[in-house]
Every structure is written in C-alpha cells, then in structure tokens.
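A quick write-up on the structure given underneath.
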C-alpha cells in the first residue's frame, strides 16, 4: 500500500518501545482473527503498533519521548500471558536494502494476516507487519526499512496464552 503521508522515524535510534501506551492514530489497520484471538496490526506514520490479548506493543517515534532504539530482548508475564520480543538492526548496502524491501513488498502483499505501507520518497521506505498462530502462541514479525540510514529493523514477538 502506498501511503500519502511522510514517515516521522528515519532511523532505528529514533524508535521507542512500550507495552503500555495508548492506541495510536493509524494510517492503516488490519484485524486478523486467529482461532479466537484477534490481533490488530496498526501501521503508524511513526512505525507500528500491535494489539493482541493484553498487549499493546508499540515501536515508534513517539512525540515528546526521545528514541532509544529498539530493545534487543524483552520478556514479560502480562495478565498470565507470556510475552517475548526480540529485535535486530541490520545495516545493508543500498542494492541489498532495495532487494530486501522488494522481497518484503512482494511477500506481504499476498498474505491475508499482513499489512505493509510504502512511504513517499523511496519505494524502499516501508513498514511491514505479519501475524500467525501456532497452537497456544500468537506470533508476529515486523520490518522497518530506513533507506537513508541503510537499516532494516526486524522484530519477532511471541505471545503465549495462559
């Protein structure tokens, strides 16, 4: 999906992570029904938010809050659910980054429980989200591609039901 609004985050170090923030205004939303669990994927102008069970995961450039970059690992028990978050920041050369962005656009465009947006200025400036369920575990991955910084931020989240 091509977005008409510029993005506010332009590198990984501008991102801030929270599990307790409010629902943020979204540019696009996809609700995925996964065997009785609703996962809401929210594409923000400042990155992403996922709502599932008791979790409101936000990784974004947040107003009035300085970025710290994504945490490498977060583990929490939240209302009986087990939450596990991991992230990596990869630096790529321009051609490798363009190839990775193209691969993500193609892959996410054909998945019903996915959402992605391409921001103005570069076809490689994108945020993508994908969710699925495996037994008692709800999973999601996100990708944030920053062509001007040569970075791809990848996150993986597991949310195990009580």
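Numbering (the working numbering), first residue to last: 3 to 164.
Glycine included, C-beta positions come from ideal geometry on N, C-alpha and C.
Remember, predicted model here, so these are calculated numbers, not experimental data.
Looking at the backbone, the Cα of residue 96 and that of residue 71 are separated by about 21 angstroms. Counting the other CB atoms within 10 Å of its CB gives residue 90 a total below 16, which places it among the exposed residues. Bridge pairing for residue 40: 35 [DSSP].
In the assembly as shown, residue 98 is an exposed residue. Its beta-carbon has fewer than 16 other beta-carbons within 10 Å. Residue 50 counts as buried, since at least 16 other C-beta atoms from the protein chains shown sit within 10 angstroms of its C-beta. Within the DSSP bridge table, the entry for residue 118 names 130 as partners. Taking a contact to require three or more Cβ pairs closer than 8 angstroms, the segment 75-86 and the segment 37-53 do not qualify as touching. When secondary structure is reduced to three states using DSSP, residue 21 falls in the coil class, being assigned neither helix nor strand. Residues 50, 131, 157 of the same chain have their beta carbon placed closer than 6 angstroms to that of residue 144, with the five preceding and five following residues left out of the count.
DSSP, reduced to helix, strand and coil, places residue 97 within a helical segment of the structure shown. Within the model, the alpha-carbon separation for residue 36 versus residue 159 is close to 15 angstroms. Note on residue 59: 16 or more other CB atoms within 10 angstroms of its CB, so buried under the neighbour-count rule.
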